[in-house]
Structure formats: structure tokens, C-alpha cells
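Reviewing the structure listed below.
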Amino acid sequence: MLQLSASRRDLRFNFPARTSRGALAVHTAWYLHLHDAADPARQAGLGEAAPLAGLSPDHGPGFAAEVAALCARFNAAGYAEFDAAGAPALVGPGRPSLVFALETAALDWAGGGRRQLYANAFAAGQAGLPINGLVWMGDAAFMRQQIEEKLAAGYRCLKLKIGGLDFATELEILAEIRAVAGPDQLVLRVDANGAFAPAEALAKLAQLARFDLHSIEQPVATGQWGALAEVCRHSPVPVALDEELIGLETPAQQAALLAAVRPAYLVLKPTLLGGHAATHRWVAQAEAHGLGWWMTSALESNIGLNAVAQLTGEFAVGTFAQGLGTGQLYHNNVGAPLRIATGHLHYDPAGPWETP
Numbered sequence: 174m175l176q177l178s179a180s181r182r183d184l185r186f187n188f189p190a191r192t193s194r195g196a197l198a199v200h201t202a203w204y205l206h207l208h209d210a211a212d213p214a215r216q217a218g219l220g221e222a223a224p225l226a227g228l229s230p231d232h233g234p235g236f237a238a239e240v241a242a243l244c245a246r247f248n249a250a251g252y253a254e255f256d257a258a259g260a261p262a263l264v265g266p267g268r269p270s271l272v273f274a275l276e277t278a279a280l281d282w283a284g285g286g287r288r289q290l291y292a293n294a295f296a297a298g299q300a301g302l303p304i305n306g307l308v309w310m311g312d313a314a315f316m317r318q319q320i321e322e323k324l325a326a327g328y329r330c331l332k333l334k335i336g337g338l339d340f341a342t343e344l345e346i347l348a349e350i351r352a353v354a355g356p357d358q359l360v361l362r363v364d365a366n367g368a369f370a371p372a373e374a375l376a377k378l379a380q381l382a383r384f385d386l387h388s389i390e391q392p393v394a395t396g397q398w399g400a401l402a403e404v405c406r407h408s409p410v411p412v413a414l415d416e417e418l419i420g421l422e423t424p425a426q427q428a429a430l431l432a433a434v435r436p437a438y439l440v441l442k443p444t445l446l447g448g449h450a451a452t453h454r455w456v457a458q459a460e461a462h463g464l465g466w467w468m469t470s471a472l473e474s475n476i477g478l479n480a481v482a483q484l485t486g487e488f489a490v491g492t493f494a495q496g497l498g499t500g501q502l503y504h505n506n507v508g509a510p511l512r513i514a515t516g517h518l519h520y521d522p523a524g525p526w527e528t529p
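Note that my numbering has the sequence shown beginning at 174, numbered continuously upward.
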């Protein structure tokens, strides 16, 4: 009989991770362990639930109880086998990170507990995934230091968090980057995390446009579809939706958003959107509406990052950079055979994994 248990790790950042919503020093991850009590020699399937404060619908003081209740429901059901497709119904609505974790654990269990979730070139260690270098908010010196390090490491795409410094300083930093690397050498993305007021957004976007930006994520706060549609219609910088997608679980809700707002891109975070199958549905929506998209991790440890990356490997992303460069954020991350080289994430399926 299959059993589900859980463990917890408080992930500690190597630096205060700042966005326009505030700074993070610790991020808690819960790990679901799917195993067979009658076959203790078989490796457990592992999945990660790491909801984000202020973003994830399932983040809150009651999350530990939610994890325990899910394990109890699973164990009471007496499963001899469990398919990942059954995760949403067992977990229930409004708990996207738990669906992601249970799906991942089930996929891992089906693959023999080897963290091998899919049979694609990335998961087999045959090809890397292009990723953007993430430049976190901080004072100007800290941001410049990160930029220099990312450029030296061979990244061809950088993403900057903006909205936390004086806007003039952020423009200066972007100008410095473009003085070193033009748009033919370096793709630049920015993420405002909803920092712009609707009344000022287009004026700020006009100033940002001179730096030949690829896109801006979530320029205004969520829940303002009319204002967001106006920004998307007139912005000289292509707009990508990120936080706006959270909580829209049905195809009808998703299609209504995309038809009303008409963004250029979607940023897909499986932890926030409800897992593997839910992310596949968002990709289908993007393609049906003629939109671009890319996949992004959401500050998970390496268990979750590996799952998102292997899911990404199911799609033909080509040279389009994905947001999968978060594996170096924590000084107590889960040990994993993931590495970054010249702006690409690579996986070694024969490498060792730590069990959290």
C-alpha cells in the first residue's frame, strides 16, 4: 500500500531577496514523500510544495495542517497505485503548490524515485535549457555587481527586478547595461511585480522602451483588467502576465483574461498555477491566443526546480530563455545534480541527490 508523508525545510537565502513586495530571508518548503511500506528498498517519489507569501493562494499559517490533512486523506484511501492525474481531485481547489507537489511525487514514484519525471532531452542529460540571469533588487552597487557576474558567466538574457529603487536610478542601471551589451548581444527583460500605478505606467514604459527591452512582467498590480488592457494596448514594451494568472483555474476564466487583456507573453510558474497538468493547459491557452510564453521557477529548492525544468523540457523552447536560474539562491538548498554553464541549466540523471 502506498503511503504519503511530509518533511519541512526552511530555505535560507544567500542575501535578502527583494522585490517590490518586500524582502525575503527564509522560504519554507514542504516535501511530499510517496513510498510503499511493503517495499522499503524502493526509492520514494518526492515533490515540493513551497507556496510564496503574498502570492500563493495556499500560503498561510494553516499550511502545515493542510499538508498533514492531505497525507491523512491519501493514506486512508489505501492506494495500491496513484497516478499524477488524480492529484487535483485529492488535493482540492485553491491549493496549487500542493497539487504540484503531489503530481511531482507521483511522477517521480512512477519513474522509480530517481527524480526522472519525463523522458526528454533535458531530463536525460542530453541538452541544456537556456535560462535568463536573474538580477535581484538591492542598492545600485549590488545590482551592478550581479549584472557584471551574470555577463561574465555568459548569459545572453538578463531579467531585472525593478520598482524597488528610485526610477531614475533604475534607468541609469539599464543604460549602463546597454552601454556594455546592445540588443543583438543581450536580451533584457524587466519585472515590475505590479509596482507601477496605472496612471503612470505608460509614461514609465515610454522611458524604458529606449533600452530595447524584450518585455516587462506585470507592470501594474493584479485585478485591474481594464487598466492592464490599456497598458498592453499602448505599451511600447511588450507586456508579460505573471501574477495575473494566479487563481484562474478553469479554461473559461483563463480565456476571458487573455481575450480582455491581450498580453504579448505569459510567465508560467507551476507552483502558483496548480502543477504540471495546469501548466500544460496554460500553454495551450497561450498558443490558442497566439501568445508567447516561458516557464519560471518560483523560489523552490532544487526538488521543485528540477520538476519545473523537466516539465519545460517537454516543450520545444529552442533558444528562448526560461526563468530557471534560482538554484543558487539558498545556502541550504537540497543537493542535486543540476548545474548552470554559459547561461544554460543542465541536469545529470546519474548524479547524486540529497533526500530532504
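Glycine residues also receive a C-beta, built at the ideal position from the N, C-alpha and C atoms. A quick note: this is a predicted structure, and the numbers were derived from the prediction, not measured.
Bridge partners for residue i per DSSP, in chain order?
i: Gly-218; result: Leu-207
i: Ile-419; result: DSSP output for Ile-419 lists no bridge partner at all.
i: Pro-529; result: In the DSSP output, where bridge partners are listed per residue, Pro-529 has none listed.
i: Gly-306; result: Leu-331
With DSSP as the reference, label residue i as helix, strand or coil.
i: Ile-389; result: strand
i: Val-507; result: coil
i: Leu-184; result: strand
i: Met-174; result: coil
i: Gln-495; result: strand
i: His-232; result: coil
i: Ala-191; result: According to the sequence provided, residue 191 is Arg. The question's Ala does not apply to it. Looking at Arg-191 - three-state DSSP - the assignment turns out to be strand.
i: Arg-362; result: strand
i: Thr-201; result: strand
i: Leu-414; result: strand
i: Pro-261; result: helix
i: Ala-432; result: helix
i: Ala-296; result: coil
i: Ala-223; result: coil
i: Ala-274; result: helix
i: Ala-368; result: strand
i: Ala-196; result: strand
i: Ala-129; result: A query on residue 129 cannot be resolved here, the shown segment of the chain reaching from 174 to 529 and no further.
i: Val-490; result: coil
i: Ala-485; result: Reading off the sequence shown, one finds Thr at residue 485, where the question assumed Ala. In this structure, Thr-485 counts as helix in the three-state DSSP scheme.
Less than 8 Å separating the beta-carbons of residue i and residue j?
i: Leu-472; j: Ala-226; result: no
i: Ala-279; j: Leu-207; result: yes
i: Gly-496; j: Ile-350; result: no
i: Gly-516; j: Arg-317; result: no
i: Glu-422; j: Leu-401; result: no
i: Leu-184; j: Gly-220; result: no
i: Ala-437; j: Pro-411; result: yes
i: Ile-346; j: Asp-364; result: no
i: Ala-228; j: Leu-445; result: Looking at the sequence itself, residue 228 is Leu, so the reference to Ala does not match. Closer than 8 Å, so yes.
i: Met-468; j: Thr-492; result: no
i: Arg-181; j: Thr-201; result: yes
i: Val-353; j: Ala-494; result: no
i: Asn-475; j: Asn-506; result: yes
i: Val-490; j: Leu-302; result: yes
i: Gly-447; j: Val-199; result: no
i: Gly-286; j: Ala-211; result: no
List the endpoints of the continuous alpha helix (DSSP H) containing residue i.
i: Ile-513; result: No alpha helix (DSSP H) holds Ile-513; the beta strand (DSSP E) holding it covers 511–514.
i: His-517; result: Where His-517 is concerned, there is no enclosing alpha helix (DSSP H), although the beta strand (DSSP E) it sits in stretches over 517–520.
i: Gly-284; result: Note, Gly-284: premise wrong, no alpha helix (DSSP H); not H, not E.
i: Ala-372; result: 371–381
i: Gly-399; result: 398–407
i: Leu-472; result: Taken as a continuous stretch (DSSP letters only), Leu-472 belongs to no alpha helix (DSSP H), as it is neither H nor E.
i: Phe-384; result: Neither: Phe-384 is in no alpha helix (DSSP H) and is coded neither H nor E.
i: Arg-317; result: 313–325
i: Val-353; result: 340–353
Is any heavy atom of the ligand NAP found at a distance shorter than 7 Å from the C-beta of residue i?
i: Lys-377; result: With respect to the ligand NAP, the structure shown offers nothing to examine, as it has no ligands at all.
Following the continuous beta strand (DSSP E) through residue i, name the residue where it begins and the one where it ends.
i: Gly-465; result: 465–468
i: Gly-447; result: Gly-447 -> no beta strand (DSSP E), and no H or E assigned at all.
i: Lys-334; result: 330–334
i: Leu-441; result: 438–441
Please classify residue i: is it buried, with 16 or more other beta-carbons within 10 angstroms of its beta-carbon, or exposed?
i: Arg-362; result: buried
i: Asp-521; result: exposed
i: Glu-343; result: buried
i: Trp-466; result: buried
i: Gln-427; result: buried
i: Trp-282; result: buried
i: Ser-270; result: buried
i: Val-404; result: buried
i: Asn-366; result: buried
i: Gln-483; result: buried
i: Glu-239; result: buried
i: Met-174; result: exposed
i: Glu-390; result: buried
i: Trp-203; result: buried
i: Thr-277; result: buried
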